[in-house]
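A short worksheet on the structure shown next.
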Amino acid sequence: MPASSVSKMDYASDALQVHGLSDKGMVRQNNEDYFGYYMPAQTGLNQFGSLFAVSDGVGGSAAGEVASAEAVNVLLQEYYFGDHTEKIPERLKTAFRNTSLHIYDLSISHRSARNMKCTLSTLLLRQNRFFITHVGDSKIMLLRDDDMIQLTKDHSLVGKLMRLGLITAEEARNHPNKNVLLKAVGEGPLLIPDFYSGFTKPGDIFCMITDGILEHATAEELKSFLLEQGSSNKELAELIAELNRRGGYDNMTIMTVKVNRIEW
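Offset between the sequence shown (1-based) and the numbering used here: plus 1352.
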């Protein structure tokens, strides 16, 4: 059985605290998850806010790893340095679409990357607003006060069945087709992501996860852990260790972004 392998990130300022861990679990040979963020210091770029992204590769072997890493890095590059409109929603959507086109082009031009796809969920924080673009079954959740809600919609077969009331969350975790995606980055030349926006307030914690996190835990357990234990890398490592003890069947990635204060 492969040993667990972890990558992490850690950042704190007066305005935001960012913590993240990615683990390949106890079964998979490779980690096809990838996560990253960019918080610009340059005056010319900080008008565009801080951008966070989580991706889960699809395709097997090295292709999934390439897809998720390319998606996150290309998206950050496109959003901040692409020749796009300065209007935040349109700029973010354009960066997302261009990223998906890039993954699609790779998948049709390289034999080793054939059918390469990935999920991609992005969170942009700017002043007192959040903006989300999303495709796939990774999740962005918001922990506010004592309530945690999922802000994104899963583009998966089991996600659709749950929304129709045909299966429960527990049944979804054990469903034989739980890995079937209905929408993924790189599946075609034109992809329109889901888009969400709202307002933030001090104390908000955004939780970005790939589907492996809820493979061995419920959303309620995740909420309780974050409320009771916190979201520093030490606590997130304890969470990952517990999920690995429960089986660690999939790659697992979690990134938390806590809003300490609103920057104008």
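Cβ atoms here follow ideal geometry from the backbone N, Cα and C, with glycine treated the same way. Quantities reported herein were computed from a predicted structural model and do not represent experimental measurements.
Counting Cβ pairs, one atom from each stretch, are 3 or more of them under 8 Å apart for the region 1496–1513 and the region 1437–1444?
Contact check between the region 1496–1513 and the region 1437–1444: fewer than three CB pairs, one atom from each, fall below 8 Å, which does not count as touching.
Going by C-alpha to C-alpha distance, which of CYS1470, SER1584, ARG1597 and ALA1593 sits closest to THR1608?
Position 256 of the sequence shown, counted from the start, is the residue given in the question as residue 1608. Answer by Cα proximity: SER1584.
Where the beta strand (DSSP E) containing GLN1369 begins and where it ends
Reading the sequence shown from its first residue, position 17 is the one you call residue 1369. Counting along the chain, the unbroken beta strand (DSSP E) around GLN1369 starts and ends at 1368–1375.
Assign ALA1569 to one of three DSSP states: helix, strand, or coil.
On the sequence shown, position 217 is the one that residue 1569 refers to. Annotated three-state conformation of ALA1569 is coil, per DSSP.
With DSSP run on the structure shown, which of helix, strand or coil describes LEU1518?
One-based indexing of the sequence shown puts residue 1518 at position 166. For LEU1518, the secondary structure class from DSSP, reduced to helix, strand or coil, is coil.
In whole angstroms, what separates the C-alpha of ILE1492 from that of LEU1373?
Within the sequence shown, residue 1492 is the residue found at index 140, counting from 1. Within the sequence shown, residue 1373 is the residue found at index 21, counting from 1. So the alpha carbons of these two residues sit roughly 15 Å apart.
Within 8 Å, strictly: CB atoms of PHE1547 and ILE1460:
Counting from one through the sequence shown, the residue named residue 1547 turns up at place 195. Counting from one through the sequence shown, the residue named residue 1460 turns up at place 108. No; because the gap between Cβ atoms is not below 8 Å, this pair is not in contact.
From this set, LEU1595, ALA1419 and LEU1475, which residue's C-alpha is nearest VAL1611's C-alpha?
Position 259 of the sequence shown, counting from 1, holds the residue named residue 1611. When each option's Cα is compared against that of VAL1611, the closest is LEU1475.
When DSSP labels each residue in this structure, what does SER1402 get in the three-state scheme?
As a first step, residue 1402 is located in the sequence shown; it is residue number 50 there, counting from the start. It is a strand residue.
Using CA coordinates, which residue listed in ASP1435, GLN1502, GLU1580 and ALA1536 is at the minimum distance from LEU1566?
To locate residue 1566, count along the sequence shown from 1; it is residue 214. Answer by Cα proximity: GLN1502.
Excluding the five sequence neighbours on either side, which residues of its own chain have a C-beta within less than 6 Å of the C-beta of ASN1529, listed in chain order?
Sequence index remark: in the sequence shown, residue 1529 carries index 177 (1-based). These residues qualify, in order along the chain: LEU1509.
Whose C-beta lies closer than 6 Å to the C-beta of THR1552 among residues of the same chain, with five residues either side of it excluded?
Counted from its first residue, the sequence shown places residue 1552 at position 200. Here THR1552 has ASN1480, PHE1482 and VAL1611 as same chain residues with Cβ atoms under 6 Å from its own Cβ, once five neighbours each way along the sequence are excluded.
Do you know how far the Cα of ALA1447 is from the Cα of PHE1400?
What you label residue 1400 is simply residue 48 of the sequence shown in a count that begins at 1. What you label residue 1447 is simply residue 95 of the sequence shown in a count that begins at 1. Between PHE1400 and ALA1447, the C-alpha separation is close to 12 Å.
Please classify LEU1494: does DSSP put it in a helix, a strand, or coil?
To locate residue 1494, count along the sequence shown from 1; it is residue 142. In the displayed model, LEU1494 falls within a strand according to three-state DSSP.
Selection from THR1605, GLU1422 and ARG1478 that minimises the alpha carbon distance to ASN1398
As a first step, residue 1398 is located in the sequence shown; it is residue number 46 there, counting from the start. From the listed residues THR1605, GLU1422 and ARG1478, the smallest Cα separation to ASN1398 is found for ARG1478.
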